[in-house]
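The sequence shown lines up with residues 1 to 184 when you count with the numbering used here. Ideal Cβ placement from N, Cα and C applies to all residues, glycine included.
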Amino acid sequence: MSERHAPIVKSQPVRTLHWPDEQATQRWAGALAAHLTEWPGGRDACIELRGDLGAGKTTFVRHLLRACGVRGRIKSPTYAVVEPHQGELDGQPWPIWHFDFYRFSDPREWEDAGFRDIFAGPGLKLMEWPDKVAGQLPPPDWVIAIEAEDESSRRVRVLAGTERGSAWLESAHQALWLEGPHAL
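Here it is in structure tokens:
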């Protein structure tokens with residue numbers, strides 16, 4: 001007689017897709033922006049962006065920020081560490097924070113910089129190089145891992161890191177995974 005036991009480790013939902021070019025990246029970022037405004041807690045999501053230098057993290061963020069209604073110049077936060085933005089969708093203001101922790105050498109720099117207050121407040125938080133501040137960040141709703149396949153093509157894995165992130169992965173199945181860029 002065989003007994004069934006609950007799994008010891010719960011697997012995290014993952015979706016994999018392919019962006020054949022920058023236009024696919026832009027379309028997916030636009031679809032994601034629309035969903036973030038609809039999902040419960042989506043306007044306050046924490047999203048980690050992972051990938052090697054040149055993988056396309058900042059390019060993706062620029063497209064996402066434009067789709068979220070950010071106007072004007074969008075600078076990379078590589079030297080400033082954080083760039084605050086004001087988005088607008090459906091006539092509603094939307095605070096958005098873009099972090100780049102690449103230059104951090106000690107996770108305690110995060111605390112010293114006063115970022116705890118930003119993460120405690122409202123708004124979308126987009127974080128590049130989160131491993132540089134290990135143990136300081138809240139759990140991400142999503143981790144978007146971008147891998148360059150060649151000059152223009154990207155393989156993208158989206159992993160849920162929270163319960164609400166898991167719910168978003170499930171609810172977005174049709175719009176983000178099947179109708180958008182090619183799912184793998």
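In the structure shown, F99 adopts extended strand secondary structure according to DSSP, grouped into three states.
According to the DSSP assignment, L53 belongs to no alpha helix (DSSP H), since it is labelled neither H nor E.
V158 has R15 and I144 as its beta-bridge partners, per DSSP. Classified as buried, D141 has 16 or more neighbouring CB atoms from the shown chains inside 10 Å of its CB. Taking C-alpha positions only, P138 is separated from L169 by approximately 19 Å. Contact between H63 and A29 holds, since their C-beta atoms are separated by about 4 Å, short of 8 Å. Between D90 and the set E38, Q26, T58 and E111, the nearest pair of CA atoms involves E38.
Our two residues, S105 and K132, have alpha carbons roughly 7 Å apart in a direct line. Going by DSSP, L36 is part of the alpha helix (DSSP H) stretching over E22 to E38.
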